[in-house]
Amino acid sequence: MQKTPTGKVVMATGVPIFNTEKKIIRVLSFSHDLTEIQKLKEDYEQLHSKIKRYKTEIEELREKETNLDNMVTKSKAMKKIWELVYRVERSEATVVFQVSPTLGKRFCTCLT
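Just so you know, my numbering puts the end of the sequence shown at 1422, numbered straight through with nothing missing.
In structure tokens form, the structure reads like this:
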């Protein structure tokens, strides 16, 4: 790849042409302007970097929002259940609560 005086990035390719005695008599050359492709590559890398940052930020916000220390319950069994729910939450699996009416299903469904 080469950079021209006008700032464009080009890729030059040469193909030798031989005579019957296998001597080079000509070289056929092509130049491809890669300036726009280079710009698109840089834009892609910047966007990819932003997406990574946003994903990390979203994960951090979700962790803060679903911090087990802020749970109303102090039961170890209930905390284990919530840890499992938070692990499953990142997948597309459905979680079904099967508990008695007095155990706060309404509160549980509000968290999801």
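Quick reminder that beta carbons are idealized off the backbone N, C-alpha and C, glycines included.
- Quick one: what does DSSP say residue 1333 is sitting in, helix, strand or coil? coil
- Message: Quick check on this structure: which residue in 1352, 1389, 1373 has the alpha carbon closest to the alpha carbon of residue 1400?
- Response: 1373
- Query: residue 1343 to residue 1404, Cα distance in whole Å?
  - Reply: 51 Å
- Query: residue 1344 by DSSP, collapsed to three states: which one?
  - Reply: coil
- Are residue 1338 and residue 1327 close, meaning C-beta to C-beta below 8 Å? yes
- Message: What would DSSP say about residue 1321, mapped onto helix, strand or coil?
- Response: strand
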